[in-house]
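Some notes on the structure that comes next.
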Amino acid sequence: MVEILFFLSSGLFLGWSLGANDAANVFGTAVGTRMIRFRTAATVCSVCVILGATISGAGAAHTLGKLGSVNALAGSFTVALASALTTFLMTRLKLPVSTSQSIVGAIIGWNFYSASLTDSSSLTKIVTTWVACPLLSGAMAVVLFILVRVALRVSKPHLLRLDFGTRWGLLLMGAFGSYSLGANNIANVMGVFVPDNPFHDLTLFGWLRVTAVQQLFFLGGVAIAVGVFTYSERVMKTVGGGIVKISPVPALVIVAAHSLTLFLFASEGLEIFLAGHGLPTFPLVPVSSSQAVVGAIVGLSLFKGIGIRYKVLGEISLGWLATPLLAGVLSFLLLFFMDNVFAQKVFAPVPYRLDRAVIEELARRGVSDPHLDELAPRDNARDMQRQVAAMTRLSPEDIRTVLELSEIGSWRVDMRAHDPSAWHDMGLTQGQIEALEVLDGRSFERSWQLRRALEAASPDWRPGDDGPAGRKRNKLLDGQFSLLLRMFDTRR
Amino acid sequence: MPLFKSSRVMEAQIDEFLDTVGEGGLVYQAGVKSYLQGDVTDFEAAIAKIDKLENRADKISKDVEANLYRHSLIPEHRGDVLGLLEHTDNIIDTAKTSLYQFSVEQPEIPAEFHAEFAKLTDASAAAVDAVIVCARAFFRDADLVKDNLYKVHHFEKEADLISDALKRAVFAGSLDLAHKIHLRYFALNVEKVSDKAQEVADRLAIYSIKRTI
Numbered sequence: 001m002v003e004i005l006f007f008l009s010s011g012l013f014l015g016w017s018l019g020a021n022d023a024a025n026v027f028g029t030a031v032g033t034r035m036i037r038f039r040t041a042a043t044v045c046s047v048c049v050i051l052g053a054t055i056s057g058a059g060a061a062h063t064l065g066k067l068g069s070v071n072a073l074a075g076s077f078t079v080a081l082a083s084a085l086t087t088f089l090m091t092r093l094k095l096p097v098s099t100s101q102s103i104v105g106a107i108i109g110w111n112f113y114s115a116s117l118t119d120s121s122s123l124t125k126i127v128t129t130w131v132a133c134p135l136l137s138g139a140m141a142v143v144l145f146i147l148v149r150v151a152l153r154v155s156k157p158h159l160l161r162l163d164f165g166t167r168w169g170l171l172l173m174g175a176f177g178s179y180s181l182g183a184n185n186i187a188n189v190m191g192v193f194v195p196d197n198p199f200h201d202l203t204l205f206g207w208l209r210v211t212a213v214q215q216l217f218f219l220g221g222v223a224i225a226v227g228v229f230t231y232s233e234r235v236m237k238t239v240g241g242g243i244v245k246i247s248p249v250p251a252l253v254i255v256a257a258h259s260l261t262l263f264l265f266a267s268e269g270l271e272i273f274l275a276g277h278g279l280p281t282f283p284l285v286p287v288s289s290s291q292a293v294v295g296a297i298v299g300l301s302l303f304k305g306i307g308i309r310y311k312v313l314g315e316i317s318l319g320w321l322a323t324p325l326l327a328g329v330l331s332f333l334l335l336f337f338m339d340n341v342f343a344q345k346v347f348a349p350v351p352y353r354l355d356r357a358v359i360e361e362l363a364r365r366g367v368s369d370p371h372l373d374e375l376a377p378r379d380n381a382r383d384m385q386r387q388v389a390a391m392t393r394l395s396p397e398d399i400r401t402v403l404e405l406s407e408i409g410s411w412r413v414d415m416r417a418h419d420p421s422a423w424h425d426m427g428l429t430q431g432q433i434e435a436l437e438v439l440d441g442r443s444f445e446r447s448w449q450l451r452r453a454l455e456a457a458s459p460d461w462r463p464g465d466d467g468p469a470g471r472k473r474n475k476l477l478d479g480q481f482s483l484l485l486r487m488f489d490t491r492r
Numbered sequence: 001m002p003l004f005k006s007s008r009v010m011e012a013q014i015d016e017f018l019d020t021v022g023e024g025g026l027v028y029q030a031g032v033k034s035y036l037q038g039d040v041t042d043f044e045a046a047i048a049k050i051d052k053l054e055n056r057a058d059k060i061s062k063d064v065e066a067n068l069y070r071h072s073l074i075p076e077h078r079g080d081v082l083g084l085l086e087h088t089d090n091i092i093d094t095a096k097t098s099l100y101q102f103s104v105e106q107p108e109i110p111a112e113f114h115a116e117f118a119k120l121t122d123a124s125a126a127a128v129d130a131v132i133v134c135a136r137a138f139f140r141d142a143d144l145v146k147d148n149l150y151k152v153h154h155f156e157k158e159a160d161l162i163s164d165a166l167k168r169a170v171f172a173g174s175l176d177l178a179h180k181i182h183l184r185y186f187a188l189n190v191e192k193v194s195d196k197a198q199e200v201a202d203r204l205a206i207y208s209i210k211r212t213i
């Protein structure tokens with residue numbers, strides 16, 4: 001228990017730094033234009049972040065968060081600490097940076113340290129976010145601005161009424177933005193501690209049921225809120241007036257463009273809705289709140305021909321480049337210290353071995369090579385990948401499949417070891433729970449064998465098709481499954 | 001956060017303020033003409049009325065100022081709006097002072113200059129009227145400000161020309177010097193009302209550019 005609370009502290013620090021940095025994306029322009037006082041903004045932001053984290057953050061699809069790939073608690077602690085320190089440093093420098101990029105950077109540092117593989121798409125995602133997200137958001141800001149200007153020319157509102165509308169617009173956009181900030185990021189802050197959750201379900205006032213996950217996420221939400229209150233004013237000032245002097249209406253346009261960019265280009269719900277009605281969908285691209293808001297400010301300023309402070313913009317861009325790099329290096333160094341100085345287990349070694357079952361499964365998936373039989377067991381992903389690449393003629397994608405299937409672990413389905421409410425908290429259906437009951441007591445050496453056994457036991461575990469709805473279902477199933485792997489892992 | 005109601009109340013207050021100053025211009029025009037016609041009753045009534053209007057305008061502008069700060073409204077334009085109210089209030093102050101001077105000093109205006117004084121008063125009152133239209137437009141439609149500012153300039157220029165011609169005529173005549181100087185002083189007083197309108201117009205020209213998003 002004490003150990004968990006200690007490890008939880010770096011998650012809380014990460015939450016604090018996230019609050020200090022990311023609140024500026026939703027309330028920076030409002031505070032910078034003096035339309036909303038910092039205290040009002042911080043109060044609304046804190047309340048909404050906590051609500052978002054507690055109510056919507058517990059969605060099973062991303063409960064484990066990005067840190068889920070780190071397979072030891074001390075490793076999660078260190079990776080979260082590296083990410084939090086990086087974000088904190090950037091916040092001290094008053095730079096709006098992407099917290100999730102600092103997390104991904106720190107995880108890449110862990111991957112290097114633990115000889116795990118880094119999915120090349122996560123690197124592509126980071127670079128795409130730097131370029132595509134500001135461009136999209138900037139264009140969105142210009143389009144919105146033109147529309148708003150036309151609307152104002154037609155409606156000619158009184159200056160005070162316009163002020164009133166803009167103020168409430170900023171407040172509402174900020175409130176919704178804060179809610180999604182809490183809902184989308186809490187998993188990265190607290191998700192990794194879900195399998196070791198020190199809390200238990202509670203019933204308040206005799207009718208309000210608060211799950212253990214919700215309590216954990218509430219705690220994370222409070223950490224974010226404290227970050228907002230104590231340290232977010234610095235970055236808010238950069239966003240709200242450091243790059244360029246912003247007026248209230250453009251301030252609203254910027255926040256709206258930022259939210260719309262996140263919604264249109266990152267919302268699976270919207271994609272499903274559009275596809276379901278036979279409409280063309282927006283391409284889903286990696287977007288980040290910080291990149292979106294800076295892109296909107298710059299796009300609008302260029303369109304209006306307002307002087308941009310290029311020095312500040314340059315510092316922000318350098319901050320973007322430095323964030324994942326610094327987080328990665330810091331993570332590697334801290335892991336080294338945790339491992340060698342404090343003798344903490346920062347990763348669980350993952351051995352790889354190809355046996356008959358794996359080769360058969362590979363064949364079933366259309367992956368075959370005459371040299372697969374000759375592959376020797378290896379102690380980690382990096383060595384295994386090198387061996388497969390050297391000895392076979394498989395494509396990078398097939399090599400990934402070989403690694404995925406040959407990974408060895410140890411899982412035992414033990415339904416009694418967990419509170420029955422945990423299954424409902426994970427969003428499991430009755431069919432999914434029944435499938436687990438069927439497998440209760442069985443042990444598995446390969447995760448895919450457990451997955452196949454679950455698929456065989458219940459259609460509720462079977463993947464969806466390739467359409468948007470199917471993709472969403474698969475993401476949910478993947479999220480639930482990775483949580484189960486954590487819970488049933490006998491090596492933990 | 002200000003409630004919608006307080007925003008609406010302030011809109012109404014600003015409208016009332018502009019109405020008051022606009023009406024002050026009309027009362028001033030009627031007052032000077034009554035003086036010229038020797039209609040003492042109407043002149044005294046005009047003085048009493050402009051006195052009331054000026055007090056009212058003062059009170060409203062102070063209320064608006066306090067509310068703008070209390071609710072931190074229109075942060076970007078607050079200084080402009082306060083400057084606008086203050087300078088618009090100066091118009092009615094100047095008009096009131098001018099009427100009082102007529103009452104106190106009772107200038108003796110020869111009949112041959114009545115028509116020119118009346119024209120000068122008309123031009124000054126028209127400048128006030130035009131600048132009130134601009135000030136109202138500033139709050140609702142900044143583009144309309146530019147469309148109306150030329151009228152203020154036009155009437156102010158006209159007042160300058162009439163005043164100049166009047167002063168030349170006065171000094172070309174056979175009145176004694178003290179009388180001439182007294183008349184010039186009143187010509188300047190009436191002209192000053194249009195100058196105050198022009199000052200507001202000059203500010204509005206800048207404010208309206210800032211107001212365009």
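Chains as they are written, first to last, in our numbering: chain A, 1 to 492; chain B, 1 to 213. Backbone N, C-alpha and C fix where the C-beta goes; we use that ideal spot for every residue, glycine too.
W130/A - DSSP class collapsed to helix/strand/coil = The residue labelled residue 130/A in the question sits at position 130 within the first sequence. In the structure shown, W130/A sits in a helix (DSSP, three-state: H, G or I).
request  = Classify N340/A as buried or exposed, calling it buried when 16 or more other Cβ atoms lie within 10 Å of its own Cβ.
outcome  = Counting from 1 along the first sequence, the entry for residue 340/A is found at position 340. Looking at its Cβ environment, which holds fewer than 16 other Cβ atoms inside 10 Å, N340/A is exposed.
Segment limits, alpha helix (DSSP H) that includes R378/A = By 1-based counting over the first sequence, the position of residue 378/A is 378. Unbroken run through R378/A: none, as it is neither H nor E.
ask   = Which chain B residues are close to L160/A, counting only those with a beta carbon under 7 Å from its beta carbon?
value = Against the first sequence, residue 160/A aligns to sequence position 160. Neighbours of L160/A on chain B, chain order: S7, M10, E11, L73, I74.
ask   = Looking only at its own chain, which residues have a Cβ that is under 7 Å from the Cβ of Y207/B, when we skip the five neighbours before and after it?
value = The residue labelled residue 207/B in the question sits at position 207 within the second sequence. Closer than 7 Å at Cβ, skipping near neighbours: D80, L84, F138.
ask   = Measuring CA to CA, which of D122/B, N148/B, V64/B is closest to A205/B?
value = If you number the second sequence from 1, residue 205/B lands on position 205. Of D122/B, N148/B, V64/B, the residue nearest in Cα terms is N148/B.
key: Partner residues on chain B for K156/A, Cβ-Cβ distance less than 8 Å   = Along the first sequence, one-based indexing puts residue 156/A at 156. What K156/A touches in chain B: R140, D141.
ask   = H87/B CB to nearest chain A CB: under 8 Å?
value = Residue mapping note: residue 87/B aligns to position 87 of the second sequence, counting from 1. Judged by the 8 Å Cβ criterion, H87/B is not in contact with chain A.
task = To the nearest angstrom, report how far apart G177/A and W207/A are at their CA atoms.
result = For the purposes of this step, residue 177/A is taken as residue 177 along the first sequence, with counting starting at 1. For the purposes of this step, residue 207/A is taken as residue 207 along the first sequence, with counting starting at 1. Distance between the alpha carbons of G177/A and W207/A is about 30 Å.
ask   = When you compare each of L85/A, D465/A, L450/A to A322/A by their alpha carbons, which one comes out closest?
value = Here residue 322/A refers to the residue found at position 322 when the first sequence is read from its first residue. Minimum Cα distance to A322/A is reached at L85/A.
key: Closer than 8 Å at the beta carbon, the chain B residues around I35/A   = What you label residue 35/A is simply residue 35 of the first sequence in a count that begins at 1. Position check: residue 35/A holds Met in this sequence, whereas Ile was assumed. Per Cβ cutoff of 8 Å: P75.
inquiry  = Against chain B, with Cβ distances strictly below 8 Å, would F347/A count as a contact?
reply    = Translated into the one-based positions of the first sequence, residue 347/A becomes position 347. So no, F347/A is outside the interface.
key: Proximity to D51/B [Cα-Cα], best of A126/B, L144/B, I209/B, A95/B   = Position 51 of the second sequence, counted from the first residue, corresponds to residue 51/B. Measuring from the Cα of D51/B, the nearest candidate turns out to be A95/B.
ask   = Around the C-beta of H371/A, are 16 or more other C-beta atoms found within 10 angstroms, so that it is buried, or is it exposed?
value = Indexing the first sequence from 1 puts residue 371/A at position 371. H371/A is exposed by the Cβ-count criterion.
query = Taking the alpha-carbon positions, what's the G295/A to D489/A distance?
reply = Walking along the first sequence from the start, residue 295/A turns up at place 295. Walking along the first sequence from the start, residue 489/A turns up at place 489. Computed Cα separation, rounded: 43 Å.
query = Name the residues in the stretch 93-122 of chain A whose C-beta lies less than 7 Å from a C-beta of chain B; which are they?
reply = none
Buried versus exposed, by CB contacts within 10 Å (16 or more), S98/B = The residue you call residue 98/B lines up with position 98 of the second sequence. Looking at its Cβ environment, which holds 16 or more other Cβ atoms inside 10 Å, S98/B is buried.
request  = Report yes or no: is there a C-beta of chain B within less than 8 Å of the C-beta of F164/A?
outcome  = Locating residue 164/A in the first sequence gives position 164, counting from the first residue. By this cut-off, F164/A is an interface position.
message = For V104/A and P324/A, I'd like the C-alpha separation in whole angstroms.
response = Looking up residue 104/A in the first sequence gives position 104. Looking up residue 324/A in the first sequence gives position 324. In a straight line, the C-alpha of V104/A is about 7 Å away from that of P324/A.
task = For my contact list, D196/A and A212/A are in at a C-beta cut-off of 8 Å; report their separation, rounded to the angstrom.
result = Here residue 196/A corresponds to residue number 196 of the first sequence, with the count starting at 1. Here residue 212/A corresponds to residue number 212 of the first sequence, with the count starting at 1. That pair is no contact at about 11 Å.
key: Contacts around V133/B, its chain only, beta-carbon distance under 7 Å, and the 5 residues preceding and following it disregarded   = Here residue 133/B is taken as the residue at index 133 of the second sequence, counted from 1. The residues are N148.
inquiry  = I need the boundaries of the alpha helix (DSSP H) containing V244/A, first residue and last residue.
reply    = Counting from 1 along the first sequence, the entry for residue 244/A is found at position 244. It is not in any alpha helix (DSSP H) - V244/A carries neither H nor E in the DSSP assignment.
task = Determine the closest residue to M87/A out of R234/A, L18/A, L279/A, G138/A, with distance taken between C-alpha atoms.
result = Translated into the one-based positions of the first sequence, residue 87/A becomes position 87. With the sequence shown as reference, residue 87/A is identified as Thr, and Met is not the correct amino acid for it. It is L18/A whose Cα lies nearest to the Cα of T87/A.
request  = Pull up the CB-CB distance for K119/B and I162/B, whole angstroms please, since I reckon it's below 8 Å.
outcome  = For the purposes of this step, residue 119/B is taken as the residue at position 119 of the second sequence. For the purposes of this step, residue 162/B is taken as the residue at position 162 of the second sequence. Their Cβ separation, rounded to whole angstroms, is 5 Å, which keeps K119/B and I162/B in contact under 8 Å.
key: Residue burial classification, F28/B (beta-carbon count within 10 angstroms, cutoff 16)   = As a working mapping, residue 28/B is identified with position 28 in the second sequence. Before going further, note that residue 28/B is Tyr rather than Phe in the sequence given. The residue in question, Y28/B, is buried, as its Cβ has 16 or more Cβ neighbours within 10 Å.
key: V350/A, DSSP secondary structure in three states   = To locate residue 350/A, count along the first sequence from 1; it is residue 350. DSSP places V350/A in coil when its eight states are reduced to three.
ask   = DSSP state of T203/A, grouped into three classes?
value = Here residue 203/A refers to the residue found at position 203 of the first sequence. Strand, per DSSP.
message = For the alpha helix (DSSP H) containing V210/A, name the first residue and the last one.
response = On the first sequence, residue 210/A is found 210 positions in, with the first residue counted as 1. First-last for V210/A: 208-210, but that is the beta strand (DSSP E), not the alpha helix (DSSP H).
request  = Indicate whether the contact test is met: 3 or more Cβ pairs, each with one atom in the stretch 296-314 of chain A and one in the stretch 152-168 of chain A, closer than 8 Å.
outcome  = no
request  = Look at the alpha carbon of L485/A and the alpha carbon of S410/A, and state the distance between them as a whole number of angstroms.
outcome  = Within the first sequence, residue 485/A is the residue found at index 485, counting from 1. Within the first sequence, residue 410/A is the residue found at index 410, counting from 1. Each residue's Cα considered, the two are about 9 Å apart.
message = Bridge partners for W411/A per DSSP, in chain order?
response = Here residue 411/A refers to the residue found at position 411 when the first sequence is read from its first residue. According to DSSP, which records beta bridges pairwise, W411/A is partnered with F444/A, D489/A.
task = Kindly indicate the opening and closing residues of the alpha helix (DSSP H) around E434/A.
result = If you number the first sequence from 1, residue 434/A lands on position 434. Where E434/A is concerned, the enclosing alpha helix (DSSP H) stretches over 430-439.
Residue burial classification, I243/A (beta-carbon count within 10 angstroms, cutoff 16) = Stepping through the first sequence from its first residue, residue 243/A is reached at position 243. Under this definition I243/A is a buried residue.
ask   = If you pair each beta-carbon of the stretch 164-183 of chain A with each one of the stretch 35-51 of chain A, do three or more pairs fall below 8 Å?
value = yes
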